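Numbering (this note's numbering), first residue to last: 6 to 280. By construction, the Cβ of each residue, glycine as well, lies at the ideal position given by its N, Cα and C atoms. Please read these numbers as outputs of a predicted model, since none were measured by experiment. One structure is given below, encoded as structure tokens.
Pasting the structure below:
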């Protein structure tokens, strides 16, 4: 199969404008608390969707997200149970019309939120490639905190991980559950961190929908994590006229990210014929 570039010409396209996945962080002493939000457009619809022919979607959330996210595997100790998936059909439920499942505080670093985007594709006599991409996001720079080495303002994007996995939605519920379980339980899912702060857009998934006389479904699982790895830590270096400079250091902490936001503004689901 020919490799599809993210800038490939599209024959069919669905734009899902999530206004949007916004994350802000506040901290007390050396304990960091993060609040991750999906914010919405300034209208009653909240989620703006433009759908072209041949694709529909539904968005589900992992019930274990609860009210403040859930502990990632890095935070599980002793006899504490890891968050898992036992039945996809019941553990993932539709996001409600008012999207309150997106207004969820993540308690601390290494907490996660997981969602499932079900993409439904109409029958086609030709193989089709389906791409799900984040094509715009914002991570405004700190007004006063700077990296002493780069002299650039610190952003929350520096401490965000996004993982993804694609499952065949036409499998049995048992098979889908097994793949969802593996994805959710993984310390670092097989996809690795698909988010690169240096890129303006990035792919969540690329999958092939083979020619078929029946409709097909692809399930895109994605997890957003506030990274607590020491590689994201900063410690105080110096101060100059109200601006504070920090240096990357495993001896530091995550407190520099307080008050910052990270916003996924637009997710694009697009489909074109494989060539």
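Beta-carbon proximity of residue i to residue j, cut-off 7 angstroms
i           : j           : result
residue 62  : residue 124 : yes
residue 133 : residue 276 : yes
residue 196 : residue 172 : no
residue 117 : residue 77  : yes
residue 131 : residue 262 : no
residue 264 : residue 240 : no
residue 191 : residue 90  : no
Chain-order list of residues whose beta-carbon lies under 6 angstroms from that of residue i (same chain, five-residue window excluded)
i           : result
residue 232 : 164 and 166
residue 250 : 151, 153, 242 and 243
residue 94  : 178
residue 193 : none
residue 215 : 132
residue 286 : Residue 286 lies beyond the range of the chain shown here (6 to 280); nothing can be said about it.
Proximity to residue i [Cα-Cα], best of the options
i           : options               : result
residue 255 : 270, 247 and 238      : 238
residue 88  : 64, 228 and 148       : 228
residue 217 : 127, 96 and 186       : 127
residue 2   : 267, 209, 230 and 253 : Summary: the structure shown does not reach residue 2, with the chain confined to residues 6 through 280, and so no result is reported for it.
residue 212 : 68, 201 and 225       : 225
residue 248 : 129, 96 and 148       : 148
residue 234 : 113, 100, 86 and 220  : 113
residue 189 : 200, 59 and 121       : 121
residue 80  : 252, 253 and 230      : 230
residue 273 : 206, 220, 200 and 86  : 206
residue 96  : 71, 86 and 82         : 71
residue 220 : 73, 246, 86 and 129   : 129
residue 119 : 73, 245, 246 and 176  : 73
The alpha helix (DSSP H) enclosing residue i, as first and last residue numbers
i           : result
residue 248 : That residue, residue 248, is in no alpha helix (DSSP H); its beta strand (DSSP E) goes 248–253.
residue 84  : No alpha helix (DSSP H) holds residue 84; DSSP gives it neither H nor E.
residue 96  : 93–96
Close-in-space but distant-in-sequence residues of the same chain around residue i (CB under 7 angstroms, 5 per side omitted)
i           : result
residue 162 : 144, 202 and 267
residue 156 : none
residue 75  : 69, 88, 116 and 117
For residue i, the first and last residue of its enclosing beta strand (DSSP E)
i           : result
residue 141 : 133–143
residue 63  : 60–67
residue 243 : 239–245
residue 262 : Taken as a continuous stretch (DSSP letters only), residue 262 belongs to no beta strand (DSSP E), as it is neither H nor E.
residue 125 : 116–126
residue 113 : Note, residue 113: premise wrong, no beta strand (DSSP E); not H, not E.
residue 230 : 221–231
8 angstroms Cβ shell around residue i - same chain, five flanking residues per side excluded
i           : result
residue 92  : 178 and 182
residue 160 : 144, 145, 146, 147, 202, 265 and 267
residue 236 : 253 and 255
residue 33  : Only weak support exists for where residue 33 lies, its pLDDT of 30 falling under 50; the value from the coordinates is given anyway. So the list is empty, once near-sequence residues are dropped.
residue 49  : Since pLDDT at residue 49 reaches only 25, below the 50 mark, its modelled position is unreliable, and the value read off the structure follows with that caveat. Same-chain partners within the cutoff: there are none.
residue 199 : 167, 168, 169, 207, 208 and 209
residue 35  : Note on residue 35: pLDDT 30, under 50, position unreliable in the model; no value is reported.
residue 98  : 65, 66 and 68
What are the uninterrupted segments assigned as beta strand (DSSP E) that are 3 or more residues long and contained completely in the stretch 149–214, given in chain order? 150–152, 165–173 and 207–214
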